[in-house]
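Residue numbers (the working numbering), protein chains in the order written: chain A, 1 to 326; chain B, 327 to 962; chain C, 963 to 1103. Shown next, in structure tokens, is the structure this report addresses.
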Amino acid sequence: MTEKPKIAMYWCASCGGCEEATVDLAERILELTNLVDIVFWPVALDFKQEDVEKLPDGSITASLINGGIRVTENKHMAELLRRKSKIVVAYGACSAWGGIPGLANLYGADELISRAYKEVPSLSNPDNVIPQHSVDVDGNTLELPELLPRLLPIDRVIDVDYYVPGCPPTADVTWRAIKTLLSQELPPKGSVIGASKKALCDECPLNETKPEKVLIKDLKRPHQVIPDPTKCLLTQGLLCLGPATRGGCEALCVKARMPCTGCFGPLDRVTDYGAKTASFISSIIDLQDEEALEEVIDKLPDPVGTFYRYTLAASSLGGSVRNSKS
Amino acid sequence: MNIAGTINVKEVVDYARTLPHVVDANEYVFMCSAPGQDLIRESIKRFEINRVVVAACSPSMHEPTFRAAIAEAGLNPYLLEMANIREHSAWVHSHEKRRATEKTKDLVRMAVAKAVLLEPLEELRIRMQPTSLVLGGGVAGLRASLDLAERGFKVHLVEKLPTTGGRAVRLGTIAHSKMSGSELLKPIIDSVESNPNIVTYVNSELEALDGSVGYFKGKIKRNPRFVSAKCTLCEECVHVCPVEVANEYDYGLSKRKAIYLPFKEAHPHIMVIDPAACNKCGECVKVCEPGAINLEEQPNEIEIVAGGIILATGFEPYEPPTGEFGYGRSERVLTLFQLERLLDSDGPTKGELVVSGSIPKSIAFIMCVGSLGTTENAHPYCSRMCCASSLKNMIRIKELYSDTTIYALYKDIRTYARYDEKLYERATERQIKFIAFEKTPAVNVDPDGVAVQVRDATLQERLIIPADVVVLAVGMSPSKDLDKVRSVVKVGCSPEGFLREAHPKLRPVEAPADGIFLAGSITSPKNVLETSMAGSATASKASILFAKGEFLVEPITAQVTEEICSGCAICIAMCPYGAISRKTMGEKRVAEVDRALCKACGACVAACPSGAMQQAGFKDTQVLAQVVAISERRNA
Amino acid sequence: MSEPFEPKIVLFACNWCTYAALDLAGTSRMKYPPTFLVIKVMCSGRVDPQFILEAFRNGADGVLVAGCHPGDCHYIEGNYKALRRITMIRRMLDRFGIERERLRLEWISASEATKFVHVANEMVKQIKVLGPLAPRLQVSA
């Protein structure tokens, strides 16, 4: 009997949503386990790191790694899985572009520690205990992984073959990606798999309703508007990032009247998702006067957070360049 | 010598040789000269070069020269990139030679980085159809049509109303002449009728327009006239027609039947039936001896082709809302345009100023109605023609009725055109009483008559003027037709609501989109002279296109990669030339760029959220290559 | 470092106005610091915010985007689009820890060589005070 392909799934700095997304395959999980052997999946199966280390190099057909590289352990595991795998897939927004944890890159590592262990209002830390890299306990040395200066997408530390977008990827996207990986014809290295080559508008039912010229005079936040479900949300002043965001999710959020927040990330030709999104949104604000323009932009409390919500770590600057010690 | 005086040219050339993809680097004193160009061509042949960087003077000077040079060597002319190391380096940094040389190396490195990514580009030439479509048969449209036809170019002249002549034919008198509007225009209307190069479609509208400069395809809808050329104007039909409506040609001052001749000199000179008024009773058919009436006539559509379009659909007089200055509440409150009809010897009162049954003994003109923000509904701008027009009429009235007292209440007197200052002089000579106001006057209407209340700004006193007639010198508003026109022809609006010209001073009769011209008050208020000039100007502009015979399209236009385009339509609003539209591809939509309209600004490219829209020669990858090359670091 | 800080500023110059002004500064032999690396675009409306951030990433201490005056754009209104985009990006630079003065939008017509030289000198002075940006980008993994 020919051996089934081996699959590994691992989480770095992540919320667990990608694991849930995989479980969302529901009955298709059974078909999956018929097709492959899962050799490593900490959330569900009891394999240990040393089980992976014992595998021959390159023997895992594909490792789907979700989560970003935040601590040294993430880097270590990513490098291990890279050695042991033929194909590495950055699964989900965090591993592909840093995801929401990537927003921490707006602060330096010291600031993050200080905030978490000294400044948070709900904190009780009277002795000012700060996590250390190593500590002696009863003659033994215990080590904690170190916080890296920035959260990184995994392709900054290892070679990545494919990307599956989404926060999390939908079950259908995941299934299509897995089928692609198991097929005979693999797409060019570096491709995004399981999703569309076009932006969300291509599959959005409201795309047809746009007037000839898409222009807005005001920006609204979702709690300020009860959207008309028959009209494009962007034309109603809501910040729908659909035009800049890869499709493949069947526009689930928009169909629930919530504007797209961009979790499927950029299209192939875009180098900096946040900058491109900021460009298209500002372009359609139909005002010529600088003051009037500023007034409308004022309504956006956090443009960087809004436009780079999932992609800050992969952006041109990667995060803040402020000297965090000053 | 120019450049070498500051920059160490040899050092730059040596440096260039170290750059990736550079197989040959040379220097020459005058690269743009014949020997210099030979050097380039030899290098191309010897090293099988496929991209050229020329580091020299500004591309504005010699880019075409070098493009032609490499084309002669068999390369596509767009595989050239220039680095401006003279105007941008040698000539401005002579005080810092070392740093100037370093900067020059940077500029060369950036040019090489872009050159590597250049692609061959094709120039597109569109053949010019030497025919015009002129929309609007008023002064501007008639003038433009005639000028073009006399040059030998064919014209399709489309007019919405049953007759040409526009608004100027309805003027009672023309300033500085004894003629009425229709007398003034008669020669030009006749010339247009008889010119074999002009086909006039009255009672017609432009329904659809496709294509772009050089080859527009238009659909003209010809609305039925219901009366044919057999009509002898015997007027039997008019006698028996039971329907009477307000006559729009007299601005509501008279009535007409459903079947009517618009005015005495109307062209074509036959009756027409107003389908909105006609009740199809058929009485007119019974009495029409020549059998010219066909009540069942249907509209029909004609397709035409044109290389250029002239829009000349004119303006609308400002219509005061009911009650403003008493308008609509009394027969005694008239607009300037209505006054023109009363003073026309072919008008409803045969040129006698009879209002409410008698000749007024006292007339108050209120100027700037609908202009200069005098009322809430008024436009903020000055309508240019009303001062001279009003003064002309005041003088005419005084000539006819020397006993009548005339008051001219003005915010400002703007008699700027030739001879018009004389009107002002003559008006004062004829004892017309000028009263300046800052605060807008008020008009009280009661059963006995009308009275005007005004605060005289010079005397600083409140006056009450009892008047038999009040004439409101109304300004010009954008025509309500513009919405329909703009839905068919893609032209932008100015903030005032008129059509917007490409540049208010340097290109006043052109729309931003190539091949579309704007004549007359469609862009802003104008008097008859200015309208006529604009008509001629558009004809001149259109004939430039026709004389060239072809239209050269920019090769560096925007282009859509349909495999990536989601049809999000963000780009469409970015284009001031209307060059982008959405087309259907199977079940999906994608953007489409009309290369003939694209002027290659790149505004749509920067807005495109997916990168599907790119600009040839200025693609994201090409510009980014220059950006990345600003430093020596080789970035991952 | 013994060498004084000489900034590197990327200048996106629109073909019809600013590029011509730079040429005029050249033919008039005006003098300004060799700080500006010019990237020509047909219109300031072509300048994609991605270019600006990449410029900072690749060692630019400042970015100057220059085009025609409002109302005079060769392509009617490209400069208004540049205004909208630059206004938005400048807002975002704050959070990135990049001083707003490092990104400048100027209207320089074809005859305003003097204005360009003035802006150039002013910007160089300002950036020198702010200091180099490049070292702050070396955040390693």
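The beta-carbon is built from N, C-alpha and C at its ideal position, and this holds for glycine as well.
Of all residues in the segment 279–307 of chain A, those with a C-beta nearer than 7 Å to a C-beta of chain B are SER279, PHE280, SER283 and ILE284, reading in chain order.
When C-beta distances to chain C are compared with 8 Å, the residues of the segment 418–449 of chain B below that value are VAL418, HIS419, SER420, HIS421, GLU422, ARG425, ALA426, GLU428, LYS429, ASP432, LEU433 and MET436, in chain order.
Look at B:TYR733 here: in three-state DSSP terms it is strand. Proximity to B:THR910 across B:ARG921, B:ALA895 and B:ALA863 peaks at B:ALA895, based on C-alpha coordinates. Here the alpha carbons of B:GLY544 and B:SER847 stand approximately 23 Å from one another. B:CYS930 sits in a helix when the DSSP states are folded into three classes. Near chain A, meaning a CB-to-CB distance below 8 Å, the residues of the segment 1057–1087 of chain C are ARG1057, PHE1058, GLY1059 and ILE1060.
For B:ARG915, a Cβ of chain A is located within less than 8 Å of the residue's own Cβ.
A:GLY242 sits in a helix when the DSSP states are folded into three classes. Scanning its chain for C-beta atoms nearer than 6 Å, with the 5 sequence neighbours on each side dropped, one finds around B:GLY673 the residues ARG667, in chain order. If you keep only unbroken beta strand (DSSP E) runs of at least 3 residues inside the segment 1014–1062 of chain C, you get 1024–1029.
In this structure, DSSP gives B:THR490 a state outside helix and strand, which the three-state scheme calls coil.
For the pair A:LEU238 and A:PRO259, the CB atoms are nearer than the 8 Å cut-off.
Taking the C-beta atoms as reference points, A:LEU200 is found no nearer than 8 Å to A:GLY166. Chain B has no Cβ within less than 8 Å of the Cβ of C:GLY1093.
Rounded to the nearest whole angstrom, the C-alpha separation of A:ALA275 and A:GLY92 is 21 Å.
Scanning its chain for C-beta atoms nearer than 8 Å, with the 5 sequence neighbours on each side dropped, one finds around C:ARG1062 the residues ARG1052, LEU1055 and ASP1056, in chain order. For B:GLU531, the uninterrupted beta strand (DSSP E) run begins and ends at 530–538, by DSSP. Here the alpha carbon of B:ASP738 sits roughly 12 Å from the alpha carbon of B:SER709. Identification of chain B residues near A:ASP228 by a Cβ-Cβ cut-off of 7 Å yields none; the smallest Cβ-Cβ distance measures about 18 Å. Straight-line measurement puts the Cα of A:ILE100 at about 11 Å from the Cα of A:ALA314. In this structure, C:LYS1087 keeps its C-beta atom at 8 Å or more from the C-beta atom of C:GLY1021.
For a cut-off of 8 Å, the C-beta gap from B:VAL796 to B:GLY652 is around 7 Å, short enough to register as a contact.
Residue pairing of B:PRO643 in beta bridges, as defined by DSSP: B:MET802.
Taking the Cβ atoms as the reference, B:ARG469 lies roughly 3 Å from B:GLY861, within the contact range of under 8 Å.
Between the segment 498–509 of chain B and the segment 519–526 of chain B, the count of C-beta pairs closer than 8 Å stays below three; the two stretches do not touch. In the structure shown, B:GLU880 falls within a coil segment according to DSSP collapsed to helix, strand and coil.
Per DSSP, reduced to three states, the secondary structure at B:SER656 is strand. As DSSP reads the structure, B:ARG788 sits in a beta bridge with B:ARG781. For B:LEU950, the nearest CB of chain A lies under 8 Å from its own CB, placing it at the interface with that chain. With respect to B:PRO456, B:LEU405 sits apart: the two C-beta atoms are not nearer than 8 Å.
In terms of CA proximity to B:VAL355, B:GLN363 leads the group B:ALA397, B:VAL349 and B:GLN363. Between C:ALA1017 and C:GLU1074, the CB-CB gap reaches or exceeds 8 Å. The straight-line gap separating the alpha-carbon atoms of B:PRO821 and A:ASP218 is approximately 19 Å. Between A:SER59 and A:ALA8, the C-beta gap is not smaller than 8 Å, which leaves the two residues out of contact.
Put simply, the backbone Cα of B:LEU855 is about 9 Å away from that of B:ALA743.
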